[in-house]
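One structure below.
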Amino acid sequence: MGSNGVILGAIALVFIVMQIMKGRGTSGKIARGSVSGGAEKSRARKRAIAQLKAKKHNSVALYIGSLRRNKQGKPRNAKALYLPDVQRGVAIAGGPGSGKTYSAINPLIRAALDEGMPALVYDFKYPGQAECLVAYAARRGYDVRIFAPGYPESEVCNILDFMADADDALMARQIASVMNRNFARSSNSSEDKFFADAGDQLTQAILMLAKGMPNPDLMTASAVLGLDALPARIMEGKRLGELGSLPQGWHISHWVYYAFSQLLQLKDSEKTVAGVIGTASKVFSRFMAPELISTFCGQTTLPIELSGKQLVILGLDRRRREAVAPLVATVLHMMVTMNVTKKRSDPLLLAIDELPTLYLPYLTQWLNENRSDGLCTVIGFQNITQLEDAYKREQARAILGGCATKVLFNPQDPDSARMFSDYLGEEEVMIKQKSRSSGGKGGASHSTSDHLQKRPIVEPAQFNRLPVGRCVLISPGFCRKDETSIPLISSIKVPKADVLDDDWSVKTWPKVKAKLEARTPQSLGDSDRARQEIAIRMAIAAELLPLPVDGEGAEASGGRFDGGVPSILPTPKAGARVINAAALMEFTEAF
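Numbering (the working numbering), first residue to last: 1 to 591.
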């Protein structure tokens with residue numbers, strides 16, 4: 001009994017030790033990855049509904065699939081895919097035809113419109129998204145405005161209206177930097193760093209100077225940049241302004257003159273000056289076409305500070321991409337800057353499909369720093385290779401890391417598939433192995449053993465085989481007790497009601513477009529009128545920035561502008577007027 005008792009005690013001890021090791025959680029696991037199921041989706045739904053009910057500007061939820069609500073207004077559509085905490089950024093990746101726009105981006109925009117959020121949408125394939133969204137928003141009481149240079153339905157956005165006055169060097173620098181970087185990208189040009197930086201500085205100075213002149217717009221800036229002997233004219237204009245010898249007391253302020261300091265230091269090197277001016281002139285020369293001038297010259301009618309039921313769509317004319325992309329990128333950049341630097345009472349949806357077609361230098365800051373300000377950013381791109389080509393590797397990874405919610409469709413790219421697979425991690429899998437042995441008097445014997453192994457949750461090859469609409473979705477709402485952002489593998493099915501709404505909006509677009517064209521504020525679309533306006537601005541620029549008459553810089557005599565210089569009106573404050581949301585009641589007959 002003594003030996004048997006020792007053996008039984010040893011067996012019991014081993015059993016207890018095994019149970020203790022098993023109870024220590026996952027410390028013995030060889031892989032800890034897992035996927036979401038019904039419980040995780042239920043938790044995401046519960047949190048999203050709470051956020052929808054609270055309606056806070058910095059705690060926002062959206063959904064894919066229209067919601068049905070009860071009499072108390074509470075959502076009761078369990079089939080919708082709920083995404084809480086979208087203010088933490090949403091990245092949607094998928095190659096052409098994978099379903100990222102139709103299955104994810106457009107449904108999220110429609111959800112924001114259903115919730116009454118103001119929205120700013122970039123439409124790369126204009127009017128591709130506009131057709132699906134404009135009538136849908138108008139029927140829900142939205143004031144819809146479109147800025148699409150080259151199209152008759154476009155509003156006017158004078159970029160210089162983003163500057164408070166001629167001394168607003170910071171805003172001028174932002175405008176110059178975004179315009180020039182996007183021009184370099186759209187034209188696939190590479191420039192010497194010195195001339196690129198000097199071109200930015202000169203563009204900034206020209207914008208500041210034009211802001212203080214009659215007719216402050218990009219046409220005036222282009223006219224100034226086209227003057228011969230520009231350094232000498234700037235110096236002479238400064239001297240005559242201080243003497244009070246220019247029309248209506250016009251003068252160059254100290255801060256504007258200081259912005260030209262680099263150009264003035266180079267004045268003795270004609271070739272260098274010509275190179276710097278040529279670098280800055282490349283951007284402005286692309287805009288000088290009648291169909292484009294009419295959308296960025298004149299009084300701004302595009303709402304800049306968005307609130308309530310307002311939808312602004314920035315459309316890109318791909319036929320004129322090289323000229324239009326820098327302008328659209330600048331307007332988008334400045335609009336977001338104006339909206340996130342003030343205290344908001346409601347969230348703002350920023351939706352940018354095909355992100356790599358624009359260069360937005362502050363995008364990382366928007367994602368990581370402005371989520372608490374109510375900015376809800378939804379970005380779309382085809383694959384990580386495309387994103388890194390546009391934003392470089394480090395910034396592309398920072399952009400992706402700044403989005404807590406990720407919707408990953410078929411990237412059609414092996415590098416992206418490997419990256420996404422590594423991001424999801426590995427999971428444990430139990431492999432049963434059967435063995436058969438023969439020999440001896442007992443004959444053959446069979447045995448089964450279990451082997452614990454690990455494998456990727458989604459293999460790279462699986463990513464590149466995902467069918468249309470099927471994706472891996474990562475959201476902070478998919479959580480357990482001690483884990484969050486647990487991936488969900490799902491096929492997104494757009495509800496029939498949403499499909500019908502989408503078809504109706506596309507069908508109604510021609511009628512709404514005609515209404516938008518009828519109310520357009522563009523006034524310079526006529527070629528003769530555009531030529532006249534350019535000639536007037538060139539004459540005014542030559543009048544206010546005359547060449548020195550002699551070597552001593554004697555005062556210039558006589559005017560160069562027949563008819564005198566127009567009155568210098570006070571420059572408007574940055575930001576356009578907010579338009580009454582009831583303005584689109586005129587579209588009711590189109591529905």
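Glycine is no exception: its CB is placed at the ideal position from the N, C-alpha and C atoms.
Thr377 beta carbon less than 7 Å from that of Ser475: Contact check for Ser475 against Thr377 fails: the beta carbons are separated by 7 Å or more.
7 Å Cβ cutoff met for Arg537 and Thr220: yes
Bridge partner(s) assigned by DSSP for Ser91: As written in the sequence, residue 91 is Ala, which differs from the Ser given in the question. Beta-bridge pairing links Ala91 to Ile379, Lys406.
Enclosing beta strand (DSSP E) for Val472 [first to last residue]: 470 to 474
Ranges of the alpha helix (DSSP H) found wholly within the segment 210 to 252, counting only runs of at least 4: For the segment 210 to 252, the continuous alpha helix (DSSP H) assignments of 4+ residues that do not extend past its boundaries occur at 218 to 225, 230 to 243, in sequence order.
N- and C-terminal bounds of the beta strand (DSSP E) containing Tyr82: Here the beta strand (DSSP E) through Tyr82 covers 81 to 83.
DSSP three-state assignment for Phe119, whether helix, strand or coil: Per the sequence presented here, residue 119 reads as Ala, with Phe not at that position. Secondary structure of Ala119 (DSSP, three-state): strand.
6 Å Cβ shell around Ile206 - same chain, five flanking residues per side excluded: By the criterion of a C-beta distance shorter than 6 Å, Ile206 is surrounded in its chain by Ala221, Val224, Leu225, once the five residues flanking it on both sides are discounted.
Pick from Met171, Ala396, Leu266, Arg371 that is closest to Met338, judged by C-alpha positions: Nearest in C-alpha terms to Met338, of all of Met171, Ala396, Leu266, Arg371, is Met171.
Helix, strand or coil at Pro107 according to DSSP, with G and I counted as helix: helix
Residues near Leu569 in its chain [Cβ-Cβ closer than 6 Å; skip 5 each side]: In this predicted model, Leu569 has a pLDDT of only 40, less than 50, meaning its place in the structure is not dependable enough to derive any value.
Residue burial classification, Asp228 (beta-carbon count within 10 angstroms, cutoff 16): With fewer than 16 other Cβ atoms within 10 Å, it is exposed.
As assigned by DSSP and simplified to three states, the class of Lys267: coil
For Thr203 and Ala176, believed in contact at Cβ under 8 Å, the rounded distance: 4 Å
Secondary structure of Phe147, DSSP reduced to three states: strand
Exposure of Thr448, with buried meaning 16 or more beta-carbon neighbours within 10 Å: exposed
Assumed close pair Gly65, Asp498 - CB separation to whole angstroms, cut-off 8 Å: 7 Å
Bounding residues of the alpha helix (DSSP H) (the contiguous stretch that carries Ile293): 290 to 296 is the extent of the alpha helix (DSSP H) around Ile293.
Beta-carbon proximity check, Leu62 vs Leu133, cutoff 7 Å: no
N-terminal and C-terminal residue of the alpha helix (DSSP H) that Ile534 is part of: 527 to 544
Beta-carbon proximity check, Ala351 vs Val121, cutoff 7 Å: yes
Nearest-angstrom Cβ-Cβ length linking Gln174 and Gln262, presumed shorter than 8 Å: Wrong, their Cβ atoms sit about 18 Å apart, outside the cutoff.
C-alpha gap between Ala539 and Leu387, whole angstroms: 45 Å
Distance between beta carbons of Arg286 and Ala323, contact taken as under 8 Å: 4 Å
Cβ-Cβ distance between Thr279 and Phe195 below 7 Å: yes
Run of the alpha helix (DSSP H) containing Ser416, from where it starts to where it stops: 414 to 424
Neighbour flag for Ile49 against chain D, beta carbons, 7 Å: The question asks about chain D, but that chain is absent: this structure has only one protein chain.
Ser490 in three-state terms, based on DSSP: strand
Which of helix, strand or coil DSSP assigns to Lys507: helix
Run of the alpha helix (DSSP H) containing Ala331, from where it starts to where it stops: Rather than Ala, the amino acid found at residue 331 in this sequence is Val. Here the alpha helix (DSSP H) through Val331 covers 321 to 340.
Exposure of Glu354, with buried meaning 16 or more beta-carbon neighbours within 10 Å: A buried status is given to Glu354, since no fewer than 16 other beta-carbon atoms sit within 10 Å of its beta-carbon.
Same chain, Cβ closer than 6 Å to Val111, five either side skipped, listed in chain order: At residue 111 the sequence reads Ala, which differs from the Val that was named. Result list for Ala111: Leu62, Tyr63, in chain order.
Whole-angstrom distance between Pro303 and Lys309, CA atom to CA atom: 12 Å
Distance between Leu264 and Pro231 (C-alpha atoms, nearest Å): 6 Å
Pro118 beta carbon less than 7 Å from that of Leu360: no
Alpha carbon of Ile11 to alpha carbon of Gly37, nearest angstrom: 39 Å
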